[in-house]
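2 protein chains.
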Amino acid sequence: MKSWLPIAADSHFSLANIPFGVVTTAKFQTPRIAVAIGDHCLDTLTFSKQGGFSKCNGLTQQQLSVFSEPTLNAFAALGRSQHRIIRSYLQEIFKENTPYPEVLSTNKALRKEALIPLCEVKNHLPMAIGDYTDFFAGRNHAHNIGTLFRGPANALNPNYNHVPVAYHGRASSVIVSGTPLHRPNGQVLPVPEATTPVFKPCAKLDIELELGMFVCRGNEFGKPISVKDAEEHIFGYVLMNDWSARDIQQWEYVPLGPFNAKNFGTSISPWVVLADALEPFKTSGLPNEVELQDYLKEGKTDNIIDIRLDISLKTNQGCINNISKTSSKNLLWSWPQMLAHHTITGCNMRTGDLLGSGTISGFEPGTQGSILEQSLGGKTPLQLERGEARSFLEDNDTIIIRGCAGTTPGELVGFGECSGTILPPV
Amino acid sequence: MKSWLPIAADSHFSLANIPFGVVTTAKFQTPRIAVAIGDHCLDTLTFSKQGGFSKCNGLTQQQLSVFSEPTLNAFAALGRSQHRIIRSYLQEIFKENTPYPEVLSTNKALRKEALIPLCEVKNHLPMAIGDYTDFFAGRNHAHNIGTLFRGPANALNPNYNHVPVAYHGRASSVIVSGTPLHRPNGQVLPVPEATTPVFKPCAKLDIELELGMFVCRGNEFGKPISVKDAEEHIFGYVLMNDWSARDIQQWEYVPLGPFNAKNFGTSISPWVVLADALEPFKTSGLPNEVELQDYLKEGKTDNIIDIRLDISLKTNQGCINNISKTSSKNLLWSWPQMLAHHTITGCNMRTGDLLGSGTISGFEPGTQGSILEQSLGGKTPLQLERGEARSFLEDNDTIIIRGCAGTTPGELVGFGECSGTILPPV
């Protein structure tokens, strides 16, 4: 598919993508929904108001009101069948031989008003997030961390291959890419064998490369989502950086898990790539050695999305270092399995709930999703350009995660980037 | 203070209380805000619309719009100074020698319309809950549980007295008192030494007696709430039952803490008792043996609210058994300390966030807030009336928690009850 709009061959936002986000501009200070395409975005409110959706069959006038909202929640709640209709329609509108040139391609006034260069928009959180849950589905990561702390023989906990392990996270501090965050202060042990903590800025500030998934439709309290029905509850995906304070975590986490070590910020990329856009990139994930409980059995193996992921670290000296390249294939559990597990107790999902995959890693240095893994717990610092090195993050370091599916030029389905800069502690 | 409205001397909803909730009636199916008083509640929307607040100084017309909302969030967001004004005004309106009899006491039409018997209303969740966090501030509980699992010498983990330990909970499944919930299914180990789980209904279903606190005003991302300012962020309190699936918890909780063991439901009482109403009942909590970090130092010891709490278990045979009596004095950390700790990393609170205290227990049988403690891990079943016994909850058991501060007849400040019935698994 080619577009009448010039789109670079290496753009993450090809016609095969059509991701949704929320933006403001100098002119429009109230957040509105937009669709990224090439190096532009389509202001869907203006587009909708000026009859842009008039040729879109299967969309009622009432459903069009979702484009007047300041978040994607109402759009998400329409459900996947409607997302499909709208995404396909926008592909029709933007394709070279569009059957409706009068809607946008030859409508100079609307193009001028509704197509905004991405460099002129400010992105906002795409969804009002209800609950945020973070899984631990990156088995190589679990193995790497377990090896660091317990040795290779006991790397994985006994429950790991059976249970999609997860913890409830903090929704209020999920931030959109580009939002800086302060290095957190907290209680840490001055030396490993100490039993009295000191209060100081985190000295082991780390990242966690993850995918995030937004729920489009929830389930009723007490009614689990079956693994077979779970796809219909998936709105789309974002990149995620689950910033982690390893020294705070080490002291606080017994017995209830990570708390302040995680709640100072979780960054996500601004454009939600719809589930349908990533459907062609499903493949097999990591094989599981154990017999699964029935509620986790999907009856198929091509259940993991293959997204190429990379992490760059931009130091305060301005050097950009690629520190990791991996793939989201490195997950043990699929999103339907995570949803089925999360709700098997009757726990209810709601539109806008966010699930994180857990850190995505390979086994080798340079393929791991956290610095903890790459620096072997801080003992072998990452060597960067210009003689710099990092055991953990320093103030004013910027982490940039990028992710993209597909390899055909002009047909990439990507996320753009998820970035964040560490400010000094307050 | 006496009221012109007949209020029983043992009513939890005396003139000294004035708790806020959200109700519907046969006539009004849209949730609206009400104030419980005696065995009635005041429909604040009708009261407000008919000029009930016309004599209330310090309240703007715009602020009155909070009573048109279906939750208490907008009211909470007004802040404690406004809550004080409104609560004092309503006390003036209801007191025997009210300076404004024409507003309600002699206004028969408005009394008939706005004062509704509590038996005719259905309660709803009082707040739209953003994030729910559960602390572990009941030190006796932590000690009891630790003794069960590790023996008395290692009952408390090394971090316990230093860190207000907490975990992020699930907000979507917080339910209002009276909402039944199903016994959850999940993965559990068939015998303690097994390494392969089975999937079955939870066999160790338990309760956790807690207090809940709602946040009225949040803090900016990256700007911690100091322990000295924290009181201004506290809206009010509810009773809480943090239902727990102990067998699911035991298998899943390493290394990230409880997840499915908790997310199938958390019950709260429907009436939010304002922070000011409980101010007279502050006293000393459990002494801490360690030197606190500065950010947790309050500079005073009367920082814990003394609320008498009790738990009843109504069996499926209909017998009501009081199984525990305790006090919220059994907390190590105050709510300001919990808020200060939660936000010290820069984590932002929002209006409507819910914090749980953690299980409140004494040391002796009959004073503990969970069945796990009372039955010594299920080994010594609780003996109930008519020869019944419980190691853990059975299907169709109902748990009723009640809580009340004060002892002077006619001046009690109570919560009513927080109840829930366990339905068979789905």
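In order, the protein sequence lines correspond to chains V and D. Residues in the first sequence are numbered consecutively from 1, following full-length UniProt numbering. Residues in the second sequence are numbered consecutively from 1, following full-length UniProt numbering. Think of the CB as a built atom: it goes at the ideal place given N, C-alpha and C, for glycine as much as any other residue.
- No Cβ-Cβ contact shorter than 7 Å links N260 (chain D) with I268 (chain D).
- In the DSSP assignment, M338 (chain V) falls within the alpha helix (DSSP H) that extends over W335 to T343.
- If you compare the alpha carbons of V:E92, V:K228 and V:R84 with that of V273 (chain V), the shortest gap goes to V:R84.
- For S226 (chain V), no chain D residue has a C-beta closer than 7 Å to its own C-beta; the minimum C-beta separation is roughly 12 Å.
- With contacts defined as CB atoms closer than 7 Å, N123 (chain D) and P270 (chain D) qualify as a contacting pair.
- Nearest C-alpha to V121 (chain D) among D:G130, D:T24 and D:T30: D:T24.
- Rounded to whole angstroms, the separation of the alpha carbons of F363 (chain D) and Y253 (chain D) is 25 Å.
- Under a criterion of Cβ atoms nearer than 8 Å, the residues of chain V adjacent to Y167 (chain D) are, in order, Y167, H168, L256, G257 and F259.
- Between E417 (chain D) and the set D:F135, D:N348 and D:T179, the nearest pair of CA atoms involves D:T179.
- Counting only unbroken stretches of 3 or more residues, the beta strand (DSSP E) elements lying wholly within the stretch 145-202 of chain D are 166-168, 174-176, 185-188 and 198-201, in sequence order.
- Assigned with DSSP and collapsed to three states, A34 (chain D) falls in strand.
- The continuous beta strand (DSSP E) containing E210 (chain V) extends over residues L209 to V215.
- In the three-state scheme derived from DSSP, where H, G and I count as helix and E and B as strand, C119 (chain D) is classed as helix.
- In this structure V35 (chain D) is buried. Its beta-carbon is surrounded by 16 or more other beta-carbon atoms within 10 angstroms.
- For G222 (chain D), a Cβ of chain V is located within less than 7 Å of the residue's own Cβ.
- Two segments are said to touch when three or more pairs of C-beta atoms, one from each, lie closer than 8 Å; by this definition the stretch 100-112 of chain D does not touch the stretch 314-330 of chain D.
- A buried status is given to D131 (chain V), since no fewer than 16 other beta-carbon atoms sit within 10 Å of its beta-carbon.
- Residue contact check for S172 (chain V) against chain D: a CB pair falls below 7 Å.
- Counting of Cβ neighbours within 10 angstroms places R32 (chain D) among the buried residues, the total reaching 16 or more.
- Proximity of chain D to N57 (chain V) at the Cβ level (cut-off 9 Å) is not reached, the minimal Cβ distance being about 35 Å.
- Less than 7 Å separates the beta-carbon of P201 (chain V) from that of P425 (chain V).
- In terms of CA proximity to V176 (chain V), V:A128 leads the group V:E373, V:H168 and V:A128.
- Taking 7 Å as the cut-off, the Cβ atoms of F135 (chain V) and P101 (chain V) do not count as close.
- At a cut-off of 7 Å, the C-beta of Q249 (chain D) has no neighbouring C-beta in chain V.
- In the DSSP annotation of this structure, K55 (chain D) is not part of any alpha helix (DSSP H), being labelled neither H nor E.
- The Cβ atoms of A340 (chain D) and V227 (chain D) lie closer than 7 Å to each other.
- Per DSSP, reduced to three states, the secondary structure at D247 (chain V) is helical.
- In the three-state reduction of the DSSP assignment, S105 (chain V) falls in the coil class.
- When the alpha-carbon of S81 (chain D) is set against those of D:N57, D:T343, D:V198 and D:P99, the nearest one is in D:N57.
- Interface with chain D (7 Å Cβ-Cβ cutoff): E252 (chain V) is included.
- In this structure, the CA atom of C216 (chain D) is about 16 Å from the CA atom of A171 (chain D).
- For P164 (chain V), no Cβ of chain D is located within less than 7 Å of the residue's own Cβ.
- Considering only beta carbons, the part of the stretch 180-197 of chain V lying closer than 8 Å to chain D consists of L181, H182, P184, N185, G186, Q187, T195, T196 and P197, in chain order.
- Residues are counted here when their Cβ sits less than 7 Å from a Cβ of chain D; for the stretch 118-135 of chain V these are G130 and D131, given in chain order.
- No Cβ of chain D is located within less than 7 Å of the beta carbon of Q63 (chain V).
- F392 (chain V) places its beta carbon less than 7 Å from that of D206 (chain V).
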